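A.B. asks: Encoded as structure tokens, here's the structure I'll be asking about.
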Amino acid sequence: MSERNPADNIGRDDFLTLRALGRLHGTLRTRHGLSLLDYLTLGFLAEAEGGSAPVAELKAFLGESGDRVSYLLRGMQGMGLVDRRRRDSDRRNVRVTLTPAGRGRFADVERTANSIVRTRPVAEPSTPCHVASPPDDVR
């Protein structure tokens, strides 16, 4: 059996993007004990009004299942980064809020992520968008 290069099945830019995201995930795990999804969650909440949002909005943003988001938030709540509360008016509706510790941790993680993205661009586009040829059926 021969070794296959994963880049054979996807475009080079896509492969470089996936490799950079993997590197970012590994660095966030090593330096901060957080996953890429943890980082995205903290960033989503940091940008939300009042640092708070319904779990349903976070779930839609992450594109993950409700079970996966609940698992993720349990871990982050255990680290003191977020707080989850059920609304009194509708016990099914859960709101997640970034804690002061979560805001501080996000600032640290954001600096790390920015330094990685700046030093290792995700991918150089092979053809600038403004130079790309129109599809054959448009000509």
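Taking this note's numbering, the leading residue of the sequence shown gets 21, the next gets one more, and so forth.
No residue lacks a Cβ here, since even glycine has one placed at the ideal position from N, Cα and C.
Note that the coordinates shown come from a computational prediction; the quantities given were computed from them, not determined experimentally.
Looking at the structure shown, is A73 part of a helix, part of a strand, or coil, going by DSSP?
C.D. replies: Strand at A73.
A.B. asks: Please state the DSSP three-state secondary structure of T117.
C.D. replies: Strand, per DSSP.
A.B. asks: Counting pairs of Cβ atoms below 8 angstroms between the segment 62–79 and the segment 38–49, do you hit three or more?
C.D. replies: Verdict: no, contact absent.
A.B. asks: Provide the residue span of the beta strand (DSSP E) that contains R106, from first to last.
C.D. replies: V102 to R106 is the extent of the beta strand (DSSP E) around R106.
A.B. asks: State the start and end residues of the unbroken alpha helix (DSSP H) segment that holds R112.
C.D. replies: Careful: R112 lies outside any alpha helix (DSSP H) and carries neither H nor E.
A.B. asks: To the nearest angstrom, how far is it from the Cα of V102 to the Cα of G53?
C.D. replies: One C-alpha to the other measures close to 15 angstroms.
A.B. asks: The alpha helix (DSSP H) that contains S90, what's its start and end?
C.D. replies: It spans G86 to G98 - the alpha helix (DSSP H) in which S90 sits, taken as one unbroken run.
A.B. asks: Using three-state DSSP, classify A68 as helix, strand or coil.
C.D. replies: Of the three classes helix, strand and coil, the one that applies to A68 here is coil, per DSSP.
A.B. asks: Could you give the DSSP three-state label for S135: helix, strand or coil?
C.D. replies: Reduced to three states, the DSSP call for S135 is helix.
A.B. asks: Give the DSSP-derived three-state secondary structure of G122 in the structure shown.
C.D. replies: Note: G122 maps to helix in three-state DSSP.
A.B. asks: Give a yes or no on whether the C-beta atoms belonging to L93 and V129 are separated by under 9 angstroms.
C.D. replies: Cβ atoms of L93 and V129: not closer than 9 angstroms.
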